[in-house]
Amino acid sequence: MGYSQGLSGLSAASNELDTIGNNIANSSTTGFKSGTTVFADMYANTVSTAVSTPSGIGVNTVGVEQDYGQGTFDNTGVPLDVAINGNGFFRMSVNGEIEYSRDGEFHTDANGYLIDAEGANVTGYTVGTDGIVSSTNPVPIQIPMGNMAPSATTTVTATGLNLDSSAAIPTTTPFNPTDDTSYSFSDQITTYDTLGDSHTMQLYYVRNSPSSPITYDVYAAEDGTLVQSQSGTAGTTGLIGTMDFSSTGTLTGFVSAGGTGTQTNTNEVLVTGIDPGTGATTPMSINFDFSGATAYGGTGNTANLQPDGNAAGNYVSASIDENGDVVCTYSNGLTETVAQLVLASFNNNNGLQPVGGNKWIQTGESGEPTLGVAGSGTFSSLQTESLENSNVDLTGELVDLITAQRFYQANAQTIKTQDTVDQTLLQMN
1 MGYSQGLSGL SAASNELDTI GNNIANSSTT GFKSGTTVFA DMYANTVSTA
51 VSTPSGIGVN TVGVEQDYGQ GTFDNTGVPL DVAINGNGFF RMSVNGEIEY
101 SRDGEFHTDA NGYLIDAEGA NVTGYTVGTD GIVSSTNPVP IQIPMGNMAP
151 SATTTVTATG LNLDSSAAIP TTTPFNPTDD TSYSFSDQIT TYDTLGDSHT
201 MQLYYVRNSP SSPITYDVYA AEDGTLVQSQ SGTAGTTGLI GTMDFSSTGT
251 LTGFVSAGGT GTQTNTNEVL VTGIDPGTGA TTPMSINFDF SGATAYGGTG
301 NTANLQPDGN AAGNYVSASI DENGDVVCTY SNGLTETVAQ LVLASFNNNN
351 GLQPVGGNKW IQTGESGEPT LGVAGSGTFS SLQTESLENS NVDLTGELVD
401 LITAQRFYQA NAQTIKTQDT VDQTLLQMN
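If you read the sequence shown in the UniProt record's numbering, its first letter stands for residue 1, the second for the next number, and so on.
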């Protein structure tokens, strides 16, 4: 035995103590992954025979292998906090350089950019005005904190509209919106003009056929005033058309109302010239789509009319959902998806190089990253309003600390023993 074994053991034990100490120090660090020191034995570069194995000359520290196992979740209730539930890393831009992290404690800076505690930009995909994600090149996510512009109502879609096939013909004629005995059903929706001011549109359904085929006249009024024109033609005030149903209750067509010209059988009607009243001066034009309407027996359902359009809204807050969508909320009650977080995965996580600040960079050993979004491919969903805790097992680390300390002491003892042997040899001489 020589001093080399003990000295290498002391060095290895010191490295292990450093690793364990680092684990313990980061036991409360968000997204931290614990490390384990990897050792390898050492032998002199000599040729051994079949019956003789050379003595080892000590131990060498190969490196530190990180455990990328899942950490537990801590619910914070913060809308921009997010944790990865499974495989993947957040893709961060640090002064133009790309790094990767498991720490999802995000917030916005003065310019609306989504950043982490160290100011690194969170990257993701942009979302177009059509609501479609542009999954090409990830860019730093910037949350628009401006107001939502008003949008005038242009379309009303009848989703799930059912007019009871057994409803009786109204006892009072002609139709009068102030007399509920002159119509079979009614409903109202909220529409918006070009300034974002809201208006109440009432729709009235009047059955006018006692048996099959079933027909219903449809009337409309805006803020209590019957509409004056339909598809640009003058007809009965308030009447926008007639719905025809087959004997099985399905819609066969919508006959647009008009005073002149040929009526066309369609499922839609364009109501023009609607007076918005005070505020906006531009007349409203709304296209009604009745293609989903039915006339089945049972209770009528007129509460499934879906108008578009909205009032102006002030920016209120932003949040991240389980798919990584960055969603803005406005004072008008609407939300808008403005971006989507991109995730990255690697074939060999242990090939990543830690650079501090809870981040890693790719290397040749890790391979190129595969990019995607939460819930697609090999990527799991995200845990919203939560952070991933460190995966350090503190109890286990304290036990390992005792073992490493004994490892260090034992190697120190071998050096002391070798020194005693050397002193004895000197005394013999």
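Virtual Cβ for every residue (Gly too), placed ideally from N, Cα, C. If you're wondering where the values come from, they're calculated on a predicted model, not measured in any experiment.
Under the three-state reduction of DSSP, Ser11 is assigned to helix.
For Thr19, the three-state secondary structure derived from DSSP is helix.
Asp244 is bridged by DSSP to Thr215 and Gly253. Counting C-beta pairs with one atom in each stretch, the stretch 182-194 and the stretch 282-291 have three or more that are closer than 8 Å, which means they touch. Taking the CA atoms as reference points, Thr250 sits about 41 Å from Val326. Scanning the stretch 298-358 for uninterrupted beta strand (DSSP E) segments of 3 residues or longer gives 305-307, 315-320, 325-330, 335-341, 343-345 and 353-356, listed from N- to C-terminal end.
Going by beta carbons, Thr76 and Leu382 fall outside the 7 Å limit. Here Phe407 carries a helix assignment [DSSP, helix/strand/coil]. The continuous beta strand (DSSP E) containing Leu382 extends over residues Leu382 to Thr384. Within the same chain, Cβ atoms closer than 7 Å to the Cβ of Ser209 are found at Thr215, the five residues on either side in sequence being excluded. Going by DSSP, Met92 is part of the beta strand (DSSP E) stretching over Phe89 to Val94.
Counting only runs of 3+ residues, the beta strand (DSSP E) found wholly inside the stretch 163-198 occupies 185-192, in chain order.
The beta carbon of Ile143 is closer than 8 Å to those of Thr108, Gly112, Tyr113, Leu114, Ala318, Val326, Cys328, Val338 and Ala339 in its chain, skipping five residues each way along the sequence.
Judged by beta-carbon spacing, Arg91 lies beyond the 7 Å limit of Thr129, meaning their Cβ atoms are not closer than that value. About 5 Å separates the CB atoms of Asn389 and Thr72; that is less than 8 Å, so the two are in contact. Tyr330 and Ala311 have their C-alpha atoms roughly 10 Å apart.
Taking the C-beta atoms as reference points, Ile189 is found no nearer than 7 Å to Leu371. Counted as a single uninterrupted DSSP element, the beta strand (DSSP E) harbouring Ala158 occupies residues Thr155 to Ala158. Membership of Leu371 in the beta strand (DSSP E) is indicated by the continuous run Thr370 to Gly372. Less than 7 Å separates the beta-carbon of Gly367 from that of Phe346.
Taken through DSSP and simplified to helix, strand or coil, Thr363 comes out as coil. In the structure shown, the three-state DSSP call for Glu118 is coil.
Taking Leu161 as the centre and dropping the five residues before and after it, the same chain places the C-beta of Phe290, Gly292, Ala293, Thr294, Asn301, Thr302, Asn304 and Leu305 closer than 8 Å to its C-beta, in chain order.
DSSP places Ala149 outside both helix and strand once states are collapsed to three, so it counts as coil. In this structure, Asn358 keeps its C-beta atom at 7 Å or more from the C-beta atom of Ser34. Under DSSP, Arg207 forms a beta bridge with Tyr216. If you ignore the 5 residues before and after Ile402, its C-beta comes within less than 6 Å of no other C-beta in its own chain.
Assignment of Gly63 by DSSP, reduced to helix, strand and coil, places it in the strand class. Where Ile286 is concerned, the enclosing beta strand (DSSP E) starts and stops at Met284 to Asp289. Assignment of Gln202 by DSSP, reduced to helix, strand and coil, places it in the strand class.
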